[in-house]
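Undergrad: Quick mapping for you: the protein sequence lines, in order, are chains A and B.
Here the working numbering is used: the first residue of the first sequence is 257, the next is one more, and so on.
Here the working numbering is used: the first residue of the second sequence is 257, the next is one more, and so on.
From the three backbone atoms N, C-alpha and C, an ideal C-beta is built for every residue, glycine too.
Quick caveat: nothing in here was measured; it's all calculated off a predicted structure.
Would you mind keeping the following structure in view while I ask a few things?
2 protein chains.
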Amino acid sequence: MDERIRRYARLAIRAGIHLQQGQELVISSPVECAPFTRLLAAEAFACGAGDVTVHWTDEAVTRLRYDHLPVEAFQTVPSWLRELNNGSARRGAAHLSISAGNPEAMKGVDPKKPSAYIAASHRECKEFYDALDMGRNQWCILSVPTQAWADKVFPGDSRAVERLWDAILKAVRADSEDPVAAWEQHRRSFQRRTAWLNGAGLDRLHFQNGLGTDITVGLPEGYRFTGGGDRTVGGVDFFPNMPTEEIFCTPDKNRVDGVVYSALPLNYQGTLIDRFHLRFQGGVVTEAHAETGGDALNALLETDEGARRLGELALIPKQSPLSEMGILFYNTLFDENAACHFALGKGFPECIENGLTMTPEQLEQKGMNDSATHVDFMFGTGDLCVTGFDKKGNAVPVFRDGGWAE
Amino acid sequence: MDERIRRYARLAIRAGIHLQQGQELVISSPVECAPFTRLLAAEAFACGAGDVTVHWTDEAVTRLRYDHLPVEAFQTVPSWLRELNNGSARRGAAHLSISAGNPEAMKGVDPKKPSAYIAASHRECKEFYDALDMGRNQWCILSVPTQAWADKVFPGDSRAVERLWDAILKAVRADSEDPVAAWEQHRRSFQRRTAWLNGAGLDRLHFQNGLGTDITVGLPEGYRFTGGGDRTVGGVDFFPNMPTEEIFCTPDKNRVDGVVYSALPLNYQGTLIDRFHLRFQGGVVTEAHAETGGDALNALLETDEGARRLGELALIPKQSPLSEMGILFYNTLFDENAACHFALGKGFPECIENGLTMTPEQLEQKGMNDSATHVDFMFGTGDLCVTGFDKKGNAVPVFRDGGWAE
Numbered sequence: 257m258d259e260r261i262r263r264y265a266r267l268a269i270r271a272g273i274h275l276q277q278g279q280e281l282v283i284s285s286p287v288e289c290a291p292f293t294r295l296l297a298a299e300a301f302a303c304g305a306g307d308v309t310v311h312w313t314d315e316a317v318t319r320l321r322y323d324h325l326p327v328e329a330f331q332t333v334p335s336w337l338r339e340l341n342n343g344s345a346r347r348g349a350a351h352l353s354i355s356a357g358n359p360e361a362m363k364g365v366d367p368k369k370p371s372a373y374i375a376a377s378h379r380e381c382k383e384f385y386d387a388l389d390m391g392r393n394q395w396c397i398l399s400v401p402t403q404a405w406a407d408k409v410f411p412g413d414s415r416a417v418e419r420l421w422d423a424i425l426k427a428v429r430a431d432s433e434d435p436v437a438a439w440e441q442h443r444r445s446f447q448r449r450t451a452w453l454n455g456a457g458l459d460r461l462h463f464q465n466g467l468g469t470d471i472t473v474g475l476p477e478g479y480r481f482t483g484g485g486d487r488t489v490g491g492v493d494f495f496p497n498m499p500t501e502e503i504f505c506t507p508d509k510n511r512v513d514g515v516v517y518s519a520l521p522l523n524y525q526g527t528l529i530d531r532f533h534l535r536f537q538g539g540v541v542t543e544a545h546a547e548t549g550g551d552a553l554n555a556l557l558e559t560d561e562g563a564r565r566l567g568e569l570a571l572i573p574k575q576s577p578l579s580e581m582g583i584l585f586y587n588t589l590f591d592e593n594a595a596c597h598f599a600l601g602k603g604f605p606e607c608i609e610n611g612l613t614m615t616p617e618q619l620e621q622k623g624m625n626d627s628a629t630h631v632d633f634m635f636g637t638g639d640l641c642v643t644g645f646d647k648k649g650n651a652v653p654v655f656r657d658g659g660w661a662e
Numbered sequence: 257m258d259e260r261i262r263r264y265a266r267l268a269i270r271a272g273i274h275l276q277q278g279q280e281l282v283i284s285s286p287v288e289c290a291p292f293t294r295l296l297a298a299e300a301f302a303c304g305a306g307d308v309t310v311h312w313t314d315e316a317v318t319r320l321r322y323d324h325l326p327v328e329a330f331q332t333v334p335s336w337l338r339e340l341n342n343g344s345a346r347r348g349a350a351h352l353s354i355s356a357g358n359p360e361a362m363k364g365v366d367p368k369k370p371s372a373y374i375a376a377s378h379r380e381c382k383e384f385y386d387a388l389d390m391g392r393n394q395w396c397i398l399s400v401p402t403q404a405w406a407d408k409v410f411p412g413d414s415r416a417v418e419r420l421w422d423a424i425l426k427a428v429r430a431d432s433e434d435p436v437a438a439w440e441q442h443r444r445s446f447q448r449r450t451a452w453l454n455g456a457g458l459d460r461l462h463f464q465n466g467l468g469t470d471i472t473v474g475l476p477e478g479y480r481f482t483g484g485g486d487r488t489v490g491g492v493d494f495f496p497n498m499p500t501e502e503i504f505c506t507p508d509k510n511r512v513d514g515v516v517y518s519a520l521p522l523n524y525q526g527t528l529i530d531r532f533h534l535r536f537q538g539g540v541v542t543e544a545h546a547e548t549g550g551d552a553l554n555a556l557l558e559t560d561e562g563a564r565r566l567g568e569l570a571l572i573p574k575q576s577p578l579s580e581m582g583i584l585f586y587n588t589l590f591d592e593n594a595a596c597h598f599a600l601g602k603g604f605p606e607c608i609e610n611g612l613t614m615t616p617e618q619l620e621q622k623g624m625n626d627s628a629t630h631v632d633f634m635f636g637t638g639d640l641c642v643t644g645f646d647k648k649g650n651a652v653p654v655f656r657d658g659g660w661a662e
């Protein structure tokens, strides 16, 4: 076993999840990732885990269910899984999830089925999602290679798995001597940048580039740009995503106007949606067109009312390591950290001052969007220009030529 | 994929489980067995399964929990697993379980922990176990190779997995042209033999061989030797074990007297118990001695009161295919079908006339043993002599020189 991989497992438990003495850990893992998941479990027990439960998943079996069962079968969550998710959340468990899907595993599946399942899952596992979304329990999503995924990223290369490992370990800084320290430094650099944005008194951001994007996105009163890490309401620092290069905020769901053009394909539930644009008016998508995967785009927009509004805006300079690697991972966790993006769907309460202690009604009043879904799509390009404006219309340059203006 | 393996998956679903149109299937599978489990799931859907749920398991994670958590952690079953087992049993799901453990995976584990867990599991998942034990839902245990298991059976052989596949496929008759038909014939040959035993009006069996075994085992009134297959109360034929070569009965728990010597080592929760004997008086073990693994033997006997009494006697002639292969599989499913054996622990209601419709009290009155555990141990040898006696003391030869006497 590569020493970097052991360091990565250690990093995931100690910095990503930041597991506390006696705390329970739930790991969602594809069956193919068993060797790494065992390392995570061993590291968790070495940190004094109260218990470790692995929720094993398998795309091939999921695919068989999608192919053979009617949409009704996906309108509810199996009772045992509801109990696993909500029960562990109630006990304060941290949740680590391994994202390692074959980007084509769900190709051709009727998109109504996964959409129904996502909606059911958020409805029936509300205690679980609330515990993560409202900052009660730590969570972390990270990746390890699987053969099918590696073959998609590096087609025809017999060393595909090895190359994907190299790329992931580099992206998560596990190739350094002391990755836990490297992530602490990473956290501090984000803190400096978010402090600047949050002190700038912005009312809205305007995005423009050569693809045709020309859109203004309002920011809620008391907006909080966040990035590089998170903190539970109990004060435990953790990293929800590894890697993470983005500084993000939750938009005002009612003040989005203009048009945005995709810069990279979006892999949604196994279908590639490519060369698409969305037009917004008063916060709502009023026009959507994709040259490829239009049906999947429409299914996404029809998940629920909130799926037609924005829940995230994220800034990533073209100088980030992932941008520089120039690899298309076909996995949001990596690709979203390579380019500026928006997300359709649920917003982030932690991106509004005191948002984590607000009721859903208060959050709505602040302009935070709600939805069962949250899907990122990339629009950032090397020529992207982002300008902030305060309430009086004074301009603050944020991005110039795809990188930070300051 | 070897065509025999596809036939095996087909056999498991169509004959082993005999899945009914619209019926739900739960598969318990080690993560290493994913390729075969996917074949099973595909075959189940091809048979019209109402749903397929895989309960993935991993010995390495289980082992970490045993090593790091106190015995109290194993005195209860996680609520999600209780819901998975009992909930699916209530819905009438069939249950297929893959037994493919590394025989040494639990070596050195404090035997109190797995014992506590087995007891908790039978207590808290009672609906699940009752549905199987009382013949409401079909179930089937079968095996596929894993690397660790194959390395134990064929040490130092680079073709170990392939050789274990060959042995398993031969043992389950999946190497024939039409395995489903081969199993129908197998069922009929068992029916002839059990009809003879059940018509012989036996009161008890006496076992004797050169190792020192000299023991008399009483049979309950209305005893029913069974073997080669089972039938649910709803009339669905299935095979609970693949392979199966045994004809078995449930003893009268109060009428076991004498001594039995083990003929093969017993792998109990990862510990090998070898060269042991048990002395019975009035049905209860009054003396137990093992040259190896005595602590594990004692832990087994202390599981509960019923663990000190017999729940099964099984007859397998030395001419059976598994006996002839002469491979020590370190797995009860195979090794129990290679030699005559007894089991400590829970008896079989289906081995008493109308037993499946009796209350626990009625079964106890008939002499059926009850326990949270059921552990087979082999005592059959090439010189084993088994003689039946009716109530008047008339002798009926059953086994001579390790094979059927008739």
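Among Q537/A, E501/A, L522/A and R565/A, whose alpha-carbon lies nearest the alpha-carbon of G550/A?
TA: L522/A
Undergrad: For V400/B and P616/A, I'd like the C-alpha separation in whole angstroms.
TA: 51 angstroms
Undergrad: Can you tell which of E259/B, V327/B and S371/B has the C-alpha that lies nearest to the C-alpha of Y524/B?
TA: S371/B
Undergrad: Could you spell out the range, first to last residue, of the beta strand (DSSP E) harbouring D413/B?
TA: Here D413/B belongs to no beta strand (DSSP E), and DSSP marks it neither H nor E.
Undergrad: With E288/B and A361/B assumed to form a contact (beta carbons below 8 angstroms), what rounded beta-carbon distance in angstroms separates them?
TA: In fact, because the Cβ distance is near 12 angstroms, the residues do not count as touching under 8 angstroms.
Undergrad: Output the boundary residues of the beta strand (DSSP E) element that contains E568/A.
TA: Segment L566 to L571, the beta strand (DSSP E) holding E568/A.
Undergrad: Taking all protein chains shown into account, decide if H545/A is buried (16 or more other Cβ within 10 angstroms of its Cβ) or exposed.
TA: exposed
Undergrad: Compute the distance between the beta-carbons of D459/A and D632/A, then report whether it is under 8 angstroms.
TA: no
Undergrad: With H, G and I counted as helix, E and B as strand and the rest as coil, what does DSSP make of R656/B?
TA: strand
Undergrad: Hey, is G278/B's beta-carbon within less than 8 angstroms of any beta-carbon in chain A?
TA: Contacts with chain A at 8 angstroms (Cβ-Cβ) do not include G278/B.
Undergrad: Counting only Cβ pairs nearer than 9 angstroms, list the residues of chain A close to W395/B.
TA: Going along chain A, no residue has its Cβ under 9 angstroms from W395/B, so there is no contact; the nearest lies around 18 angstroms.
Undergrad: Along the segment 522–550 of chain A, where does the CB come closer than 8 angstroms to a CB of chain B? Name the residues.
TA: none
Undergrad: Could you work out which residues of chain A lie near L340/B, taking near to mean beta carbons separated by less than 7 angstroms?
TA: W336
Undergrad: With 8 angstroms set as the bound, which would you pick, yes or no: does the beta-carbon of D307/A sit closer than that to a beta-carbon of chain B?
TA: yes
Undergrad: Using a threshold of 7 angstroms, is the CB atom of M581/A nearer than that to any non-hydrogen atom of the ligand ZN?
TA: Ligands are entirely absent from the displayed structure, and the ligand ZN is therefore not among its contents.
Undergrad: For G343/B and chain A, any beta-carbon pair shorter than 8 angstroms?
TA: yes
Undergrad: Using a Cβ-Cβ distance cut-off of 8 angstroms, determine whether W312/A contacts chain B.
TA: By the rule that beta-carbons nearer than 8 angstroms mark a contact, W312/A touches chain B.
Undergrad: Just mark T469/A as buried or exposed, buried being the case when its beta carbon has 16 or more other beta carbons within 10 Å.
TA: By the Cβ-count criterion, T469/A is buried, with 16 or more other Cβ atoms from all chains shown falling within 10 Å of its own Cβ.
Undergrad: How long is the line joining the alpha carbons of K369/A and F330/A, rounded to whole angstroms?
TA: 6 angstroms
Undergrad: Under the rule that 16 or more other beta-carbon atoms within 10 Å means buried, what is D434/A, buried or exposed?
TA: exposed
Undergrad: Is it buried or exposed, V327/A, if we count other Cβ atoms within 10 angstroms and call 16 or more buried?
TA: Exposed: under 16 other Cβ atoms inside 10 Å.
Undergrad: Between the segment 279–300 of chain A and chain E, which residues of the former have a C-beta closer than 7 angstroms to a C-beta of the latter?
TA: Within the model displayed, chain E is absent; protein chains A and B are what it includes.
Undergrad: Quick check: what's the CA-CA separation for G490/A versus H274/B?
TA: 53 angstroms
Undergrad: Buried or exposed: where does Q277/A fall if 16 or more other Cβ atoms within 10 Å of its Cβ makes it buried?
TA: exposed
Undergrad: List the residues of chain B whose Cβ lies closer than 8 angstroms to the Cβ of V317/A, in chain order.
TA: Residues of chain B passing the Cβ test: T293, R294, A297, V308 and V310.
Undergrad: Distance, Cα to Cα, A265/B vs F292/B?
TA: 7 angstroms
Undergrad: Are any of the Cβ atoms in chain A nearer than 8 angstroms to that of L325/B?
TA: yes
Undergrad: According to DSSP, is V400/A part of a helix, a strand, or is it coil?
TA: coil
Undergrad: When DSSP labels each residue in this structure, what does P496/B get in the three-state scheme?
TA: coil
Undergrad: Please report whether the beta-carbon of R321/B lies at a distance below 8 angstroms from any beta-carbon of chain A.
TA: Chain A contact via Cβ: present.
Undergrad: Quick check on DSSP: helix, strand or coil for C289/B?
TA: helix
Undergrad: Return the chain-ordered list of same chain residues with a C-beta closer than 6 angstroms to the C-beta of H351/A, the five sequence neighbours on each side being excluded.
TA: V282 and W395
Undergrad: Mind checking if A329/A is an interface residue toward chain B, Cβ cutoff 8 angstroms exclusive?
TA: Closer than 8 angstroms to some Cβ of chain B, the Cβ of A329/A qualifies, so yes.
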